[in-house]
Amino acid sequence: YILHLTNDCNLSCSYCYVCQKQEYMDSATVRNAARLAARQDQATVGIGFFGGEPMLCRDRIYEAVAYCRELEREYPVRFDFKMTTNGTLLDREFLEFSSRERIMIALSCDGTQTAHDMHRRDRQGHPTWERLDAVIPELLSHHPYAPVMMTVTPETVQWYAQGVQELWEKGFHYFICSLDYSGDWSDRTVRILGRQYRVLAKWYEELTRREEKFYFSPFELKIASHIHGENYCHERCELGTRQVSVAPDGRIYP
Numbered sequence: 011y012i013l014h015l016t017n018d019c020n021l022s023c024s025y026c027y028v029c030q031k032q033e034y035m036d037s038a039t040v041r042n043a044a045r046l047a048a049r050q051d052q053a054t055v056g057i058g059f060f061g062g063e064p065m066l067c068r069d070r071i072y073e074a075v076a077y078c079r080e081l082e083r084e085y086p087v088r089f090d091f092k093m094t095t096n097g098t099l100l101d102r103e104f105l106e107f108s109s110r111e112r113i114m115i116a117l118s119c120d121g122t123q124t125a126h127d128m129h130r131r132d133r134q135g136h137p138t139w140e141r142l143d144a145v146i147p148e149l150l151s152h153h154p155y156a157p158v159m160m161t162v163t164p165e166t167v168q169w170y171a172q173g174v175q176e177l178w179e180k181g182f183h184y185f186i187c188s189l190d191y192s193g194d195w196s197d198r199t200v201r202i203l204g205r206q207y208r209v210l211a212k213w214y215e216e217l218t219r220r221e222e223k224f225y226f227s228p229f230e231l232k233i234a235s236h237i238h239g240e241n242y243c244h245e246r247c248e249l250g251t252r253q254v255s256v257a258p259d260g261r262i263y264p
């Protein structure tokens, strides 16, 4: 169950698809969603905190986790938690809480400082890389295997491989990389993308031969599709059956 705690955000990323509004999930909706999840007759249920920027609703996160712990005493279920955040509002207090409660934190970061600051700016138009860079060591000290979420655009594709490698050097091991499909891709930028993948492929092979713990989603998913063949669809979030989203107003979407 993905709880979209708010559609509001403290950033104004140029490629964002969220219709940003000051809408926030209330306590009753949080509790109703958690109880609905607990009733699914599953030994383990996942709760994801999403937005907008979920850290704008940190009290709702505290409340949701506390209520889920109560439900674990009432139902034969164990809750797992995850959160996707832009990282600018993370602090030591929340990271310590997330470590105690085993909340997996995925950090949105677009690689190099140049690539990141090109699109990921705050509402005043200020770049956000330095604010993010300052919190990364604290994040990784509490969550050594925190995934990093990278968005690659036609404007930043030339720094794709460099961005992955720089974040690896900072300590990240899991890379979830997506293309901005709504971007103005051209034959030229697609050719650049191909060259970047070849650079990453050589590096990926080197890390694999060294038996480094490393996950790079564009390659891993393609490899999995070849291994599983026709059964590959079962690795995806099958619409409305394995993952549902709860909007700030409580409406449920598949």
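Just so you know, the sequence shown maps onto residues 11 to 264 in the numbering used here.
Built from N, CA and C at the ideal position, the CB exists for glycine as well.
This structure is a prediction, so every number in the text was calculated from the model and none was measured.
Does the beta-carbon of residue i, which I'm using as the reference point, lie nearer than 7 Å to any heavy atom of the ligand MG?
{"i": "Ser108", "result": "Ligands in the displayed structure: none, and consequently the ligand MG is not present."}
Going by other Cβ atoms of all chains shown within 10 Å of its Cβ, with 16 needed for buried, is residue i buried or exposed?
{"i": "Gln206", "result": "buried"}
{"i": "Arg201", "result": "exposed"}
{"i": "Ala76", "result": "exposed"}
{"i": "Pro258", "result": "buried"}
{"i": "Thr218", "result": "exposed"}
{"i": "Ala234", "result": "exposed"}
{"i": "Met21", "result": "The question names Met, yet the displayed sequence has Leu at residue 21. Leu21 comes out buried."}
{"i": "Gly61", "result": "buried"}
{"i": "Glu94", "result": "Here residue 94 turns out to be Thr, not Glu, going by the sequence shown. So Thr94 ends up on the buried side."}
{"i": "Gly239", "result": "exposed"}
{"i": "Arg70", "result": "buried"}
{"i": "Gly135", "result": "exposed"}
{"i": "Ile237", "result": "exposed"}
On a CA-only basis, which of the options is nearest residue i? Give me that one, please.
{"i": "Arg41", "options": "Lys31, Met65, Arg79, Leu99", "result": "Arg79"}
{"i": "Ala53", "options": "Tyr85, Leu142, Gln175", "result": "Tyr85"}
{"i": "Leu210", "options": "Ser151, Pro64, Glu176", "result": "Glu176"}
{"i": "Ile186", "options": "Pro147, Arg70, Gln172, Phe226", "result": "Phe226"}
{"i": "Ser109", "options": "Asp18, Leu149, Lys232, Lys31", "result": "Leu149"}
{"i": "Thr124", "options": "Arg70, Thr166, His238, Asn241", "result": "Thr166"}
{"i": "Ser151", "options": "Asp101, Ser188, Arg141, Asp197", "result": "Asp101"}
{"i": "Asp36", "options": "Phe224, Gln50, Cys67", "result": "Cys67"}
With residue i as the anchor, note down where its beta strand (DSSP E) starts and where it stops.
{"i": "Cys187", "result": "184-189"}
{"i": "Arg88", "result": "88-95"}
{"i": "Pro157", "result": "157-162"}
{"i": "Val75", "result": "Where Val75 is concerned, there is no enclosing beta strand (DSSP E), although the alpha helix (DSSP H) it sits in stretches over 68-84."}
{"i": "Thr54", "result": "54-60"}
Could you check whether residue j and residue i sit closer than 8 Å to each other, using their CB atoms as the reference points?
{"i": "Gly193", "j": "Tyr11", "result": "no"}
{"i": "Arg133", "j": "Asp120", "result": "no"}
{"i": "Met65", "j": "Leu99", "result": "yes"}
{"i": "Glu111", "j": "Phe91", "result": "yes"}
{"i": "Gly97", "j": "Val174", "result": "no"}
{"i": "Thr39", "j": "Gly260", "result": "yes"}
{"i": "Trp169", "j": "Thr122", "result": "yes"}
{"i": "Asp190", "j": "Val162", "result": "yes"}
{"i": "Leu13", "j": "Ala43", "result": "yes"}
Keeping to the same chain, check which residues put their C-beta closer than 6 Å to that of residue i; ignore five residues upstream and five downstream.
{"i": "Pro164", "result": "Gly193, Asp194, Trp195, Thr199"}
{"i": "Asp127", "result": "Pro137, Trp139"}
{"i": "Tyr263", "result": "Ser255"}
{"i": "Met159", "result": "Ala116, Ser118, Ile186"}
{"i": "His153", "result": "Ile115"}
{"i": "Leu203", "result": "Val167"}
Assuming residue i is part of the alpha helix (DSSP H), what are its boundary residues?
{"i": "Thr199", "result": "197-219"}
{"i": "Leu117", "result": "Taken as a continuous stretch (DSSP letters only), Leu117 belongs to no alpha helix (DSSP H), being part of the beta strand (DSSP E) at 113-118."}
{"i": "Phe107", "result": "102-110"}
{"i": "His238", "result": "227-238"}
{"i": "Gly173", "result": "170-180"}
{"i": "His126", "result": "123-129"}
Can you give me the Cβ contacts of residue i inside the same chain, cut-off strictly under 8 Å, excluding the 5 residues immediately before and after it?
{"i": "Phe229", "result": "Leu210, Ala211, Tyr214"}
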